[in-house]
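The structure under discussion appears below in the form of structure tokens.
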Amino acid sequence: MKRSEIALVAVLGATIVCACSVIWVNLKGWGLPGKPAVTSGTTTAIVQSSATASTSATETEDLSGPLTDELALEGFENYLHFKIKNLQEILDEGKKPCTWGIASSDKNEIMIMFKSNTGSLLRYHIDRKTGKTYVTSYSVEYNDYFRTKETLNVRDYLDKKPTPTPYVIKPSDNTTAETDAKPKVKISNAVSKTAVVGGAKLPYKIPKVTITGKNTDAANKKMKSELGKYDLKGDKARGITYSYHTSPKLISILVHISDNDNATVDAYKVYNISVSSGKIVKDSTAVKLAGSSTKKFYAKVKATYKNFGGGADAPASFAKKAQKQNLKRVSYKYLAPYVSKNGHLCFIGYVNYYGGAEKGYRVFDATSKKVIV
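Per our numbering, residue 1083 is the first one in the sequence shown, and the count goes up by one each step.
Printed below as a string of structure tokens:
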């Protein structure tokens, strides 16, 4: 490489470092409890990039001798731009930047700590004499570092610009990146009994949610407390059944509270639980987690109410009156959005029947704009 080209590389490196102000950080915070980030060597201070100088390390140092910290860092930065094709885009975006720096340095080895924008934590062990480098990756499961298949020679990236096969940053076979771990969701019965209503037996099941790595105690306690108040026998006994839908962001549970009396109106309750927090969320948040927006959801609700005449056998004049009354009541106060088993955005609405002669809760599919129950 010509010296003018080398200088250009150094200027580019300076631009990258300046674009990401958090690149040079104290790496002590990256260590796990009881396991410091620096595991070997005598130098623990982070070495600043040579890009802040007027010339690059390759212009001022002997490339045939042992690698200095500055040379190792320069070669490593050049390598990153081959390994991660959109590195500059990641750095410029600045939302979840890659961070790196020298974590330890002794007469034999230079260790660079690297954290990718996906959360992977890697250590690059560079032989000071030869430039040969192997990589260890942190495993959340084992709370330790394990060697990966990734290898390189830092010297190759000092005096020439090869075009290696891009290496996609990902955990090795025996590691798990913390941000890549997908929580597992399980819906089971916290209570499973039988209610007896008018001599008839009805199922009485209260749901329980489990999400790996999340505390769902508050959500389960609320469901059990609210649904567990119904009697199992007698005139006030109710049967309880539920259906649910799970997505990467939201768990929607629709609870049907019924009896054996056709003269009474069944009740419904909705519990929307965030997968990321394990907590029950408010209705507007549930709509957002379901992939919609408040504006779009209300538009679907209004279109659904326009199709609802308040009963199949209601006179036309009653239907128009019911539609007008229901459209005035479009508010989260009267709606309980949820996602049905088939993935449709639905809701429980408190509506007028037969021109306002009756009122009660009905189940609607906001996606198909039809009444379900």
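Don't be surprised by glycine CBs; every beta carbon is placed ideally from N, CA and C. Predicted, not measured: the structure shown is a model, and the values here were computed from it.
Limits of the beta strand (DSSP E) - the one that residue i falls within
i	result
ASP1209	1203 to 1209
SER1375	Counting along the chain, SER1375 falls outside any beta strand (DSSP E), and DSSP gives it neither H nor E.
SER1334	1332 to 1340
GLU1191	1191 to 1197
PHE1446	1440 to 1447
ASN1235	1226 to 1235
ILE1184	1181 to 1187
LYS1214	1214 to 1221
Environment of residue i [buried if 16+ CB atoms lie within 10 Å]
i	result
VAL1337	buried
ASN1225	exposed
ALA1398	exposed
SER1131	Its pLDDT being 35, under 50, SER1131 is placed unreliably in this model, and the value from its coordinates should be taken loosely. Counting Cβ neighbours within 10 Å, SER1131 comes out buried, since at least 16 surround it.
THR1276	exposed
LYS1415	exposed
ASP1341	buried
GLY1442	exposed
VAL1363	buried
VAL1453	buried
LEU1409	exposed
GLU1440	exposed
SER1202	buried
THR1386	buried
ALA1282	exposed
GLY1310	exposed
Chain-order list of residues whose beta-carbon lies under 8 Å from that of residue i (same chain, five-residue window excluded)
i	result
ARG1218	According to the sequence displayed, residue 1218 carries Thr and not Arg. Contacts found: LEU1204, ARG1205, HIS1207, TYR1227, PHE1228, ARG1229 and THR1230.
ILE1194	ALA1154, LEU1155, PHE1158, TRP1182, GLY1183, ILE1184, ALA1185, ARG1205, TYR1206 and ILE1208
Same chain only: Cβ atoms within 7 Å of residue i, ignoring 5 sequence neighbours per side
i	result
VAL1357	PRO1265, VAL1267, ILE1293, PRO1330, LYS1331, LEU1332 and ILE1333
SER1374	LEU1427
HIS1327	SER1334, VAL1421, SER1422, LYS1423 and GLY1425
SER1146	none
ALA1418	VAL1352, ASP1365, PHE1429 and ILE1430
VAL1278	LEU1314, LYS1315 and ALA1319
ARG1444	GLY1431, VAL1433, VAL1453 and VAL1455
Residues near residue i by beta carbon distance below 6 Å, same chain, minus five either side
i	result
THR1215	TYR1206, ILE1208, LEU1234 and VAL1236
ALA1154	ILE1192, ILE1208 and VAL1236
LYS1252	Bear in mind that a pLDDT of 49 at LYS1252, under 50, signals an unreliable position, so the model cannot answer this.
LYS1306	ALA1272 and ILE1288
ASP1447	HIS1426, CYS1428 and ILE1454
Endpoints, alpha helix (DSSP H) assigned at residue i
i	result
PHE1390	Counting along the chain, PHE1390 falls outside any alpha helix (DSSP H), and DSSP gives it neither H nor E.
GLY1157	1151 to 1165
SER1399	1398 to 1410
Three-state class that DSSP yields for residue i in the structure shown
i	result
ASN1354	strand
THR1369	Looking at the sequence provided, one finds Val at residue 1369 rather than Thr. Three-state result, VAL1369: helix.
VAL1347	coil
TYR1075	Outside the shown range of the chain, which is 1083 to 1455, sits residue 1075, and nothing can be said about it.
VAL1455	coil
Inset, instruction - Any chance you could list the beta strand (DSSP E) runs of at least 3 consecutive residues sitting entirely within the stretch 1279 to 1320, in chain order? - result: 1282 to 1293
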